[in-house]
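Residue numbers (UniProt numbering): 1 to 325.
Think of the CB as a built atom: it goes at the ideal place given N, C-alpha and C, for glycine as much as any other residue.
Working notes, beginning with the structure itself.
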C-alpha cells in the first residue's frame with residue numbers, strides 16, 4: 001500500500017539524507033539451518049538485503065513520504081533512554097546490560113493460521129527485500145516522546161510472505177525469553193509474566209505505516225533498542241512496538257498482551273495515542289519531547305494517533321476509543 005498524497009507530516013525530498021552517504025555493503029551472515037520443512041522456506045529473489053550485524057551500516061532507501069520533518073532525537077538519547085524491562089526498569093539499564101544478550105544467530109518461529117509456518121533465520125527474513133528509512137515519531141505512554149530514523153521493511157510485506165489464511169484476524173508477537181542473559185527476567189521483583197507479548201489486529205498490521213525495524217540511524221539496531229528486529233507502530237504507545245522478536249503467530253482470537261494482562265484498567269489492547277483518554281495516573285494531553293532538561297522541559301501538545309490519523313483513523317471507524325483504549 002502506498003500513500004496517495006503527501007501527508008502534512010511528510011519530509012521534503014530536499015531534506016532527506018542522500019542514499020549515497022550510506023554506501024557500505026556487507027556480506028550476508030551465514031543463515032541458520034531452518035527447522036521448518038523445506039517447502040516452507042522463503043523464496044530468494046531480487047537484490048538481497050544483508051542481515052543486520054551489530055554496529056555495521058545498513059543500505060537503505062529514504063522514504064520521504066513516510067517521514068516527519070521534525071528534528072530527530074540525538075542518537076545518544078535514542079540509545080540511552082529506553083524501556084526494556086528484560087534488562088531492568090531504569091531508563092539506562094538497557095544500555096548498561098543489553099550487551100549480555102546474544103543476537104547472532106537469531107531465528108523467528110512463525111505459526112498459526114498461515115500456509116508457510118516454520119522457523120526462519122533472520123537472513124531468510126530480510127534477503128528478498130530492500131531496507132527503507134522512515135523517520136517516525138515515538139510516543140511513550142509515560143508521556144515522553146522521540147523522533148527516530150528507523151531502518152527496516154514494511155510489516156505487510158513480511159506478513160504476506162507467510163500467507164496468512166482467512167482465519168487470521170490477529171497477529172501475535174513474542175520477545176526472546178533468556179533469563180541467563182536478560183537479568184530483568186530473573187528478577188524476583190518483576191511483575192511481568194515472561195516472555196513479553198504483544199499483538200495487533202490484522203488490518204493494523206497490514207497498514208502502510210506498520211514497520212519491522214532492523215536498524216536506526218543507518219546502522220543495525222543496538223541491543224538496547226530491540227536488536228535484531230522490533231516492531232514499530234507509530235500511532236500507538238511505544239510499548240506496543242515489541243522488541244527482539246522470536247515468535248509470530250497468526251490467530252483468530254485477540255491475543256493476550258503483557259501490559260494489558262498486568263493492568264487492564266490502565267493499558268488497553270489497542271493503546272492508540274489519544275490525548276482525549278488520560279492514563280488513570282497522569283494526563284496524556286501533553287508529552288515531553290526528548291532531549292529535555294530542568295531548564296528546557298520541551299513539553300508539546302499530544303496529537304491523536306500521534307499525528308498519523310490520516311493514515312489510520314479509518315481503522316477505528318465506529319469504535320468508542322474511550323472503551324477500546
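Inset, instruction - Let me know the secondary structure DSSP gives residue 349 once reduced to three states. - result: The chain is shown from 1 up to 325; residue 349 falls before or after that span and cannot be answered.
Inset, instruction - Please state if the CB of residue 272 and the CB of residue 288 are separated by a distance shorter than 8 angstroms. - result: With contacts defined as CB atoms closer than 8 angstroms, residue 288 and residue 272 fail to qualify as a contacting pair.
Legend entry - contact_flag[the region 247-264, the region 130-139] where n(CB pairs < 8 angstroms) is 3 or more: Flag = no, the region 247-264 and the region 130-139 do not touch.
Legend entry - Where the beta strand (DSSP E) containing residue 230 begins and where it ends: Counting along the chain, the beta strand (DSSP E) containing residue 230 begins and ends at 230-232.
Inset, instruction - Quickly, what does DSSP pair residue 251 with across the bridge? List them, please. - result: 170.
Inset, instruction - Would you mind reading off the limits of the beta strand (DSSP E) that contains residue 301? - result: In this chain, the beta strand (DSSP E) harbouring residue 301 covers 299-301.
Legend entry - Length of the line joining the Cα atoms of residue 87 and residue 242: Just so you know, the alpha carbons of residue 87 and residue 242 end up roughly 14 angstroms apart.
Legend entry - Complete alpha helix (DSSP H) runs within the region 53-129 (minimum length 4 residues, chain order): Qualifying alpha helix (DSSP H) stretches, in chain order: 75-80, 93-97 and 122-126.
Inset, instruction - Within the same chain, show all residues whose beta-carbon is closer than 8 angstroms to that of residue 72, passing over the 5 residues directly before and after it, in chain order. - result: These residues qualify, in order along the chain: 135, 147, 148 and 149.
Inset, instruction - Report yes if the C-beta distance between residue 153 and residue 60 is below 8 angstroms; otherwise report no. - result: Going by C-beta atoms, residue 153 is not nearer than 8 angstroms to residue 60.
Legend entry - Per-residue burial, residue 173 [other beta carbons within 10 Å of its own, 16 or more giving buried]: Looking at its Cβ environment, which holds 16 or more other Cβ atoms inside 10 Å, residue 173 is buried.
Legend entry - For residue 207, the nearest candidate out of 311, 252, 166 and 116 (CA to CA): Among 311, 252, 166 and 116, the Cα nearest to that of residue 207 is on 311.
Legend entry - Where residue 249 falls, given that 16 or more other Cβ within 10 Å makes a residue buried: Buried, because 16 or more other Cβ atoms sit within 10 Å of the Cβ of residue 249.
Legend entry - residue 124 burial status per 10 Å Cβ neighbour count (16 or more: buried): Burial call: buried.
Legend entry - Spatial neighbours of residue 237 in its chain, beta-carbon cut-off 7 angstroms, leaving aside the 5 residues before and after: Around residue 237: 139, 140, 141, 271 and 273.
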